[in-house]
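Take a look at the structure below.
Residue numbers (our numbering), protein chains in the order written: chain A, 1 to 540; chain B, 1 to 192.
What follows is the structure, encoded as structure tokens:
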């Protein structure tokens with residue numbers, strides 16, 4: 001046993017390693033990225049387990065499924081919206097007979113620090129009828145991940161670990177235990193349990209429903225769901241991180257309240273019924289959507305009052321914090337210092353000085369100046385900041401790859417010119433398939449791939465294919481080579497690049513421009529790495 | 001004992017390194033630590049806020065409650081004013097004086113500094129100049145760690161030790177610059 005200081009993400013990663021992980025797969029996404037970054041560093045240092053970035057969350061999930069089929073332990077990690085991309089394999093993997101432990105680590109982002117929504121992964125786990133653990137501390141993140149592998153193999157289901165930003169990106173102390181060895185390869189030889197033909201799928205679905213009772217019993221008895229008895233008719237139910245904010249305020253309460261904490265799902269129905277039986281009022285504190293509160297409220301009026309995000313006693317959106325929970329407990333607000341007589345301007349995030357995307361946005365805005373009705377769709381990445389001044393260059397950002405399909409739709413709807421702006425990694429994640437749709441109907445649109453040779457927004461992970469391969473990918477889809485251009489996105493080429501963009505914007509047909517220049521942050525980092533290596537006397 | 005620190009600055013100013021060095025020193029002293037950071041979108045030249053909690057008992061919340069921070073340590077003067085409501089009424093604000101003007105509506109710097117000076121316990125540090133004298137403006141954040149060292153519940157030796165550890169891979173010169181910056185910050189804040 002040893003003590004370490006880890007991010008919540010890293011506690012999950014190390015828990016997986018110590019549970020006998022054989023392989024882990026992921027696509028970068030804040031706040032989940034550090035799970036795989038830790039595993040990659042661990043692999044570099046110790047020679048294993050295998051940790052790999054994938055093209056997207058769906059491909060990552062499917063690779064993990066293969067590991068599980070082969071009898072070995074595997075983890076796939078992603079941010080909450082990544083599970084939408086991986087929803088197909090996720091939902092179906094609940095019906096196969098999971099063989100090697102399969103853990104799905106999903107980091108939600110309540111408050112949308114770095115996301116386009118704040119969906120709550122507990123619904124997905126419930127939807128798939130699988131177990132979900134929700135750690136509230138670094139130690140729990142480690143322990144629950146280890147346990148998740150055992151539960152997965154015991155009940156033959158994928159098991160979800162639901163993190164939130166404030167745990168994923170917080171550092172705390174973790175006491176580790178001895179590692180369990182990896183499973184030897186032993187592929188599933190159960191007849192048909194991985195072949196989801198309708199006839200088999202019906203059997204597998206029935207079998208999952210038949211296991212539900214055992215699964216519920218296991219979770220109900222879990223120490224992660226705990227009642228802290230106290231006298232009184234006002235009780236509190238917390239889930240996940242809400243417990244910490246509640247405990248932070250307990251010393252200021254006149255007396256301890258009856259308290260039920262839920263850390264493992266499906267939520268323990270009998271425990272909840274017993275807990276509320278003697279209460280006249282219950283406050284439900286959840287980091288995320290009102291998942292437990294909604295179930296508790298149901299349709300038929302309850303004999304006790306329920307307070308939470310649905311009732312308006314807790315804000316319906318955004319993340320919790322100690323002060324919000326304090327107010328919901330009826331405690332007086334704490335006050336700090338105040339600033340009088342000065343209005344502070346906001347300081348929104350922006351493209352770095354010298355960012356190649358800035359050059360591309362200058363070209364776009366200058367070309368489209370003469371087209372006040374032009375549509376510019378965009379995507380998920382640093383370049384989404386092109387929405388803000390001084391560029392104001394893009395009009396949409398919805399989900400990974402949407403820029404391409406939306407540009408096709410906008411062109412079909414009668415607009416010209418239509419420009420789609422997407423990054424290299426997002427293009428390979430989800431932009432290639434909609435581009436096939438555009439090729440099929442030679443849609444009149446211009447796709448601008450901003451190739452900075454990295455996944456920049458999440459901290460510079462490698463793009464799944466080399467930059468030089470991008471043109472070949474685009475050509476292979478069947479786009480007219482006369483309308484494919486590879487440019488260097490640099491101020492010294494601004495005039496020429498703008499001219500090419502102007503020509504292609506005016507072209508009535510599909511064109512693709514790849515604007516290449518490495519992210520200045522990754523350039524800086526590799527330069528620093530070389531300096532550090534030189535300082536240590538290592539070959540650069 | 002609970003010692004809550006709000007760390008503020010602009011993306012790229014090394015706020016997380018400051019947090020890491022103080023947190024490591026506190027843990028070495030056997031204290032409980034929780035350190036909440038922001039990554040991703042929030043770092044792109046925008047405002048950066050980190051919460052660092054140090055206590056001699058287990059810490060529940062990763063986030064600091066309003067009005068509870070003993071110290072607000074900021075790498076930038078405008079950012080130092082953004083989180084005042086987290087600072088306890090008897091808390092101390094320590095800020096670097098050099099503004100990062102990457103927005104068009106940055107108020108006149110004299111106004112910003114005047115508002116800082118008006119606070120009951122404010123320490124202004126010309127950190128960039130001190131870092132330059134120590135050898136590199138990139139050590140500005142270590143000047144700020146030094147300036148805070150008088151208040152932190154950790155020993156100065158321990159801070160020095162972790163500065164050495166953190167920069168060891170970058171060579172002896174970088175370590176030396178950062179150690180000098182640390183000492184310069186301590187001296188600057190100590191003479192007030």
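Cβ coordinates follow ideal geometry from the N, Cα and C atoms, glycine included.
Every value quoted in this text rests on a predicted model; they were computed, and no experiment measured them.
Checklist entry - Looking at C-alpha atoms only, which residue of A:422, A:436 and A:105 is the closest neighbour of residue 479 (chain A)? => result It is A:436.
Checklist entry - Can we say the stretch 5-14 of chain B touches the stretch 74-87 of chain B, given the rule of at least three CB pairs closer than 8 Å? => result Enough Cβ pairs lie closer than 8 Å, so yes.
Checklist entry - Which class does residue 378 (chain A) belong to by DSSP, given the choice of helix, strand or coil? => result Here DSSP, grouped into helix, strand and coil, assigns residue 378 (chain A) to strand.
Item to check | Per-residue burial, residue 394 (chain A) [other beta carbons within 10 Å of its own, 16 or more giving buried] | outcome: The residue is buried, with at least 16 neighbouring Cβ atoms inside 10 Å.
Checklist entry - What does residue 47 (chain B) pair with, by DSSP beta-bridge criteria? => result Assignment of beta-bridge partners to residue 47 (chain B) by DSSP yields B:10.
Checklist entry - If you draw a straight line from the C-alpha of residue 493 (chain A) to the C-alpha of residue 433 (chain A), how long is it? => result Straight-line measurement puts the Cα of residue 433 (chain A) at about 31 Å from the Cα of residue 493 (chain A).
Next on the checklist: According to DSSP, residue 226 (chain A) sits in a beta bridge with which residue or residues?
Outcome noted: In the DSSP output, where bridge partners are listed per residue, residue 226 (chain A) has A:261.
Item to check | Assumed close pair residue 314 (chain A), residue 324 (chain A) - CB separation to whole angstroms, cut-off 8 Å | outcome: Residue 324 (chain A) and residue 314 (chain A) do touch by the CB rule: their CB atoms are close to 7 Å apart, below 8 Å.
Checklist entry - Sorted by chain position, which residues of the same chain lie with C-beta nearer than 7 Å to residue 349 (chain A)'s C-beta, five sequence neighbours on each side aside? => result Hits under 7 Å: 385.
Checklist entry - Taking the runs of the beta strand (DSSP E) that are 3 residues or longer, which of them lie wholly in the stretch 298-378 of chain A? => result Note on the stretch 298-378 of chain A: whole beta strand (DSSP E) runs with a minimum of 3 residues are 305-307 and 375-378, in chain order.
Item to check | residue 87 (chain B) at chain A interface by Cβ criterion, 7 Å | outcome: Yes, because at least one Cβ of chain A sits closer than 7 Å to the Cβ of residue 87 (chain B).
Next on the checklist: For a quick check, are the C-beta atoms of residue 52 (chain B) and residue 88 (chain B) less than 7 Å apart?
Outcome noted: No; because the gap between Cβ atoms is not below 7 Å, this pair is not in contact.
Checklist entry - Going along the stretch 53-87 of chain B in order, which residues come within less than 7 Å of chain A, judged by CB to CB distance? => result Closer than 7 Å at the C-beta level to chain A, one finds these residues of the stretch 53-87 of chain B: 60, 61, 62, 63, 65, 66, 67, 68, 78, 81, 82, 84, 85, 86 and 87.
Next on the checklist: At the level of alpha carbons, what is the spacing between residue 117 (chain B) and residue 124 (chain B)?
Outcome noted: Taking the CA atoms as reference points, residue 117 (chain B) sits about 8 Å from residue 124 (chain B).
Next on the checklist: When you compare the CB of residue 539 (chain A) with every CB in chain B, is at least one pair closer than 7 Å?
Outcome noted: Residue placement at residue 539 (chain A) is poorly supported in this model, since its pLDDT is 49, which falls under 50; the coordinates still yield a value, given next. With 7 Å as the cut-off, residue 539 (chain A) does not count as an interface residue toward chain B.
Next on the checklist: So residue 28 (chain B) and residue 158 (chain B) are supposed to be a Cβ contact under 8 Å. How far apart are they, rounded?
Outcome noted: Right, the Cβ-Cβ distance comes to about 5 Å (below 8 Å), so this counts as a contact.
Checklist entry - Mind checking if residue 47 (chain A) is an interface residue toward chain B, Cβ cutoff 7 Å exclusive? => result Cβ-Cβ to chain B under 7 Å: no for residue 47 (chain A).
Item to check | residue 182 (chain A) versus residue 144 (chain B) - alpha carbon distance | outcome: Spanning the two alpha carbons is a distance of roughly 46 Å.
Checklist entry - What is the DSSP secondary structure of residue 182 (chain A), counted as helix, strand or coil? => result Reduced to three states, the DSSP call for residue 182 (chain A) is coil.
Next on the checklist: Whole angstroms are fine: how far does the CA of residue 195 (chain A) sit from the CA of residue 9 (chain B)?
Outcome noted: Roughly 54 Å between the two C-alpha positions.
Checklist entry - Taking any Cβ of chain B, which residues in the stretch 235-250 of chain A have a Cβ under 9 Å from it, in chain order? => result Correct list: 241, 243, 244, 245, 246, 247, 248, 249 and 250.
Checklist entry - Would residue 406 (chain A) be called buried (16 or more neighbouring beta carbons within 10 Å of its own) or exposed? => result Residue 406 (chain A) should be labelled buried.
Checklist entry - Whose C-alpha, out of A:211, A:303, A:226 and A:422, is nearest the C-alpha of residue 153 (chain A)? => result Ranked by Cα distance from residue 153 (chain A), the first of A:211, A:303, A:226 and A:422 is A:211.
Item to check | Listed by chain order, chain A residues near residue 11 (chain B) by CB distance under 8 Å | outcome: Correct list: 349.
Checklist entry - According to the neighbour-count rule (16 or more other Cβ atoms, all chains shown, within 10 Å of its Cβ), is residue 1 (chain B) buried or exposed? => result Exposed.
Checklist entry - Between the beta-carbon of residue 224 (chain A) and the beta-carbon of residue 264 (chain A), is there less than 7 Å? => result In contact: residue 224 (chain A) and residue 264 (chain A) (Cβ atoms closer than 7 Å).
Next on the checklist: Determine whether the beta carbon atoms of residue 97 (chain B) and residue 80 (chain B) lie at a separation below 7 Å.
Outcome noted: No, the Cβ-Cβ distance between residue 97 (chain B) and residue 80 (chain B) is not below 7 Å.
Checklist entry - Where does residue 93 (chain A) fall in DSSP's three states? => result It is helical.
Checklist entry - Which same chain residues, not among the five before or five after residue 259 (chain A), have their C-beta less than 6 Å away from its C-beta? => result If the five residues before and after residue 259 (chain A) are omitted, its C-beta is found closer than 6 Å to the C-beta atoms of 228 and 236, all from its own chain and listed in chain order.
Next on the checklist: Run through chain B and tell me which residues come within less than 9 Å of residue 170 (chain A), C-beta to C-beta.
Outcome noted: Here the neighbours are 34, 35, 36, 37, 51, 62 and 63.
Checklist entry - Counting Cβ pairs, one atom from each stretch, are 3 or more of them under 8 Å apart for the stretch 400-414 of chain A and the stretch 437-451 of chain A? => result With a cut-off of 8 Å, the stretch 437-451 of chain A and the stretch 400-414 of chain A count as touching, because enough Cβ pairs lie within range.
Checklist entry - Would the beta-carbon of residue 426 (chain A) fall within 7 Å of that of residue 380 (chain A)? => result In this structure, residue 380 (chain A) lies closer than 7 Å to residue 426 (chain A) by Cβ.
Checklist entry - Closest to residue 347 (chain A) by CA distance: which of B:101, B:55, B:137 and B:67 is it? => result The option with the nearest alpha carbon to residue 347 (chain A) is B:101.
Next on the checklist: Below 9 Å on C-beta distance, what does residue 115 (chain B) contact in chain A?
Outcome noted: Result: 339, 340, 341 and 342.
Item to check | Check whether residue 129 (chain A) and residue 94 (chain A) have beta carbons under 7 Å apart | outcome: Result yes, Cβ atoms of residue 129 (chain A) and residue 94 (chain A) sit closer than 7 Å.
Next on the checklist: Which of the three DSSP states is assigned to residue 432 (chain A) in this structure?
Outcome noted: Per DSSP, reduced to three states, the secondary structure at residue 432 (chain A) is helical.
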